[in-house]
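**Student:** Heads up: the protein sequence lines correspond to chains A and B, in order. Using my numbering, the letters of the first sequence correspond one by one to residues 1 to 296. Using my numbering, the letters of the second sequence correspond one by one to residues 297 to 625. We put the CB at the ideal spot given by N, CA and C, even for glycine.
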Amino acid sequence: MTEPRSFIHIHESELRELRYTFYLVRKSPLTLVGLILLVFSLFFAITAPYVAPYPTDIEFGVHLERRLEAPSLTHPFGTDDLGRDILSRVLYGFRISLTVGLVVVAIAATIGVFLGAMAGYAGGVVDEAIMRITDIFLSVPSLVLALAIAASLGPSLTNAMIAISLVWWPWYARLVRGQTLSLRELDFVEAARSIGVSTYKILLRHIIPNCIAPIIVQGSLDVGYAILTAASLGFLGVGAQPPAAEWGLMVSYGRLFFPSWWWVATFPGLAIFIGVLGFNLLGDGLRDILDPRLRR
Amino acid sequence: MENILDIEDLHVHFHTYEGTVHALGGVNLGLRRREMLGLVGETGCGKSVCALSVLRCIPEPGRIARGRISLDGENLLEKTEEEMRAVRGSKVSMIFQDPTSSLNPVLTVGEQLLDVITTHQPLSAKEARENAVEILRTVMLPDPEPALKKYPHQLSRGMRQRVMIAMALSCKPSVLIADEPTTALDVTVQAQILHLIKDLQAKTETSILLITHDVGVVAETCDRVAVMYAGKIVEIGDVISVLERPKHPYTVGLLDSIPKVQKEKPPLGLIKGTLPNLIDPPSGCRFHPRCAQVMDVCRAKEPELVEVGRGHCTACFLYSHRNSSVKNP
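#1: Pick helix, strand or coil for Cys609 (chain B), following the three-state DSSP scheme.
#2: With contact counted as at least three CB pairs below 8 Å, one residue from each stretch, are the segment 440 to 454 of chain B and the segment 513 to 527 of chain B in contact?
#3: Which residue wins for smallest C-alpha separation from Arg172 (chain A), given the options A:Glu14, A:Glu17, A:Asp222, A:Ser97?
#4: When Cβ atoms are compared, which residues of the segment 190 to 208 of chain A fall closer than 8 Å to chain B?
#5: Can you say whether Ser579 (chain B) is buried or exposed, counting buried as having 16 or more other CB atoms within 10 angstroms of its CB?
#6: From the DSSP output, in three-state form, read off Ala480 (chain B) for me.
#7: Cα separation between Val523 (chain B) and Glu531 (chain B)?
#8: What are the residues of the segment 299 to 328 of chain B that lie near chain A, defined by any Cβ-Cβ distance shorter than 8 Å?
#9: Of the choices B:Pro448, B:Met390, B:Arg362, B:Asp368, whose alpha-carbon is the least far from that of Gly406 (chain B)?
#10: Restricting to Cα atoms, I'd like to know which of B:Phe583, B:Lys422, B:Ala464 is closest to Leu432 (chain B).
#11: Look at the alpha carbon of Leu282 (chain A) and the alpha carbon of Pro438 (chain B), and state the distance between them as a whole number of angstroms.
#12: Taking the alpha carbon of Leu333 (chain B) as the reference point, which residue from B:Thr404, B:Tyr546, B:Arg582, B:Asp302 has its own alpha carbon closest?
#13: Quick one: does Leu228 (chain A) have its CB under 8 Å from some CB of chain B?
#14: Give the list of continuous alpha helix (DSSP H) stretches no shorter than 4 residues that lie fully inside the segment 77 to 140 of chain A.
#15: Can you name the residues that DSSP bridges to Glu370 (chain B)?
#16: Under 8 Å between beta-carbons, which chain A residues line up against Thr478 (chain B)? List them in chain order, please.
#17: With DSSP as the reference, label Ala428 (chain B) as helix, strand or coil.
#18: Would you identify the three-state DSSP class for Met591 (chain B), choosing helix, strand or coil?
#19: Closest to Phe298 (chain A) by C-alpha separation, out of A:Gly248, A:Gly285, A:Phe258, A:Ser260, would be which residue?
#20: Note down, in chain order, each residue of its chain lying with its Cβ closer than 8 Å to the Cβ of Leu409 (chain B), except the 5 sequence neighbours on either side.
#21: Based on Cα-Cα distance, which residue from A:Leu38, A:Pro53, A:Tyr92 lies nearest to Met250 (chain A)?
#22: In chain A, which residues lie less than 7 Å from Ala382 (chain B) when you measure between Cβ atoms?
#23: DSSP three-state call for Asn159 (chain A): helix, strand or coil?
#24: Tell me, please, whether the segment 229 to 240 of chain A touches the segment 142 to 157 of chain A by the rule of three or more beta-carbon pairs shorter than 8 Å.
#25: Are the beta-carbon atoms belonging to His309 (chain B) and Ala347 (chain B) less than 8 Å from one another?
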């Protein structure tokens, strides 16, 4: 008799928490816009090959008979110099950019969180060594460094992703180290140590889960920046290579036809804008929502 | 081998910018099997440092400079960090003052309890779970099964302290150190927790070192009591003889400063002065600058513990002329 009741109790309190989260999201319209943009991007990233009006145009379709057509009902975003439907390519670009953003953040966060937690928890020489390496990475402008790494690895989308991840982890390392420094002094960490829990387990179970909120915020902001950086690398020629439907590459390519055939560069550019804006708004909103001081 | 835990001549130093703090200046303490020993003293006199040194968990920049801590005949200070980890939790474990900050807020009670159990015992997930429920039942936590799925903030303070006790006892340690386990709790809950600890001790035959600054708690629960001042044990003995016939001037002062419930209210006794700065502790007896009965010898020599009654020892020159010194009470 008591058990089902307490089960319902837990269920209710969790439901209340969830409802409160929705309330906070609704209260901040910009977060809602970010969320909508994100859902929109995710939808196209998943369904691009099926909803694109001309799926064969995404990479290799060449239709010289309709090259550089202005936006119309049949081709809402116009066509490029090979006659490919720009709308189809832009939609497919969501898949590429989102993949880049998420993979880059996942790799960077994994490296950064691991090194940051180690540095913060171990202190001393380990801390100094890791943080000075971090400083070296941070002292070079990130785009320049990414450009250098990507160029030396050879221009391709995969290498661009590796390059951006290598440039980005120091931010996570710093963030997590700071958190760890304050967390390791807390009683429950000392209690865990006094009860014989190993260092590895303390990091994994006690330190890292307690820094997850700032990591999520930083991560969601960074997906946007990673998309932007990948597009920049594509634009500069060391990222995705033709005929990939990558936004940066498409803008760079469309530059040749600007301004007379403005649509070739403009629509991919707008797509970059929407993708980055969505993640930034969401990240800002999440920071407010996850801030415990705002809760109640 | 009467004592399960023996602390001999323990010196702990904290190396700070301002100088070396002599937090413990030669502590001698023995914990007998199945007894509950109270360790009382003012804030900052070294009670917690003493407890943490047994686990070798002294926070930076503290160092154990000298001494010997033997548990069941094994010197803990000679063990490697790896061997020490096997001791912590399974042979010696600790309950902390504030159950709120001693539990990880992002893990459920069950996850934390199971972590401790599986760290020291090779059990399957199912056995460990049954074990956890069983322990929570022993500490009288209502509804142990659903409690495993709860987060610390969903429990009351008293319940959280019960969980902490469950974690500390989960691997059946032979020594339990309770560092002010009831300070953060309400008086009624305090009584419940103390009774629980006392009951569990009777059942599990654990030896308990209870650290507190509340003499009332000691009087109610402990078999023996040790009084600490400025990093040294000044008096130790049976609760009744120490509390009723205190010998050391510091103990006398400490007991006089406790408010009593009575009709006529004499002014509270107080000990003049403050705790000495342990970077440069007073010469001789560390209590001499505040002692009303100070003699010349107190400034020159450090007093040793001498027996003044059956099992009742004190470190004071007022008694040393007619008694022989005792090595480790």
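**Tutor:** With the structure as the only source:
#1: Correct three-state label for Cys609 (chain B): strand.
#2: Short answer: they don't touch.
#3: In the sequence as displayed, the identity of residue 172 (chain A) is Tyr instead of Arg. Closest by alpha carbon: A:Asp222.
#4: Close to chain B, meaning a Cβ-Cβ distance shorter than 8 Å, are the following residues of the segment 190 to 208 of chain A: Glu190, Ala191, Ala192, Arg193, Ser194, Ile195, Gly196, Val197, Ser198, Lys201, Arg205, His206.
#5: The residue in question, Ser579 (chain B), is exposed, as its Cβ has fewer than 16 Cβ neighbours within 10 Å.
#6: Judged by DSSP in its simplified three-state form, Ala480 (chain B) adopts coil rather than helix or strand.
#7: The alpha-carbon atoms of Val523 (chain B) and Glu531 (chain B) are separated by roughly 5 Å.
#8: If the cut-off is 8 Å between Cβ atoms, the segment 299 to 328 of chain B has nothing near chain A.
#9: Considering only alpha carbons, the answer is B:Pro448.
#10: With distances taken between Cα atoms, Leu432 (chain B) lies closest to B:Ala464.
#11: Using only the alpha carbons, I get a separation of about 42 Å.
#12: When C-alpha distances from Leu333 (chain B) are compared across B:Thr404, B:Tyr546, B:Arg582, B:Asp302, the shortest belongs to B:Asp302.
#13: Cβ-Cβ to chain B under 8 Å: no for Leu228 (chain A).
#14: Runs of the alpha helix (DSSP H) inside the segment 77 to 140 of chain A: 86 to 122, 124 to 139.
#15: DSSP lists B:Leu367 as the beta-bridge partner residues of Glu370 (chain B).
#16: Those do not exist, as Thr478 (chain B) stays about 16 Å from chain A at its closest Cβ, beyond 8 Å.
#17: The three-state secondary structure of Ala428 (chain B), taken from DSSP, is helix.
#18: Three-state DSSP puts Met591 (chain B) in coil, outside helix and strand.
#19: Absent from the model: residue 298 (chain A). The displayed extent of chain A is 1 to 296, so no value can be given.
#20: Ala428, Ile431, Leu432, Leu444, Val459, Ala462, Met463, Ser466.
#21: It is A:Tyr92.
#22: Chain-ordered, the chain A residues with CB closer than 7 Å to the CB of Ala382 (chain B) read Gly196.
#23: If DSSP states are grouped into helix, strand and coil, Asn159 (chain A) belongs with the helices.
#24: Taking 8 Å as the limit for Cβ pairs, the verdict is that the segment 142 to 157 of chain A does touch the segment 229 to 240 of chain A.
#25: No, Cβ-Cβ distance for His309 (chain B) and Ala347 (chain B) is not below 8 Å.
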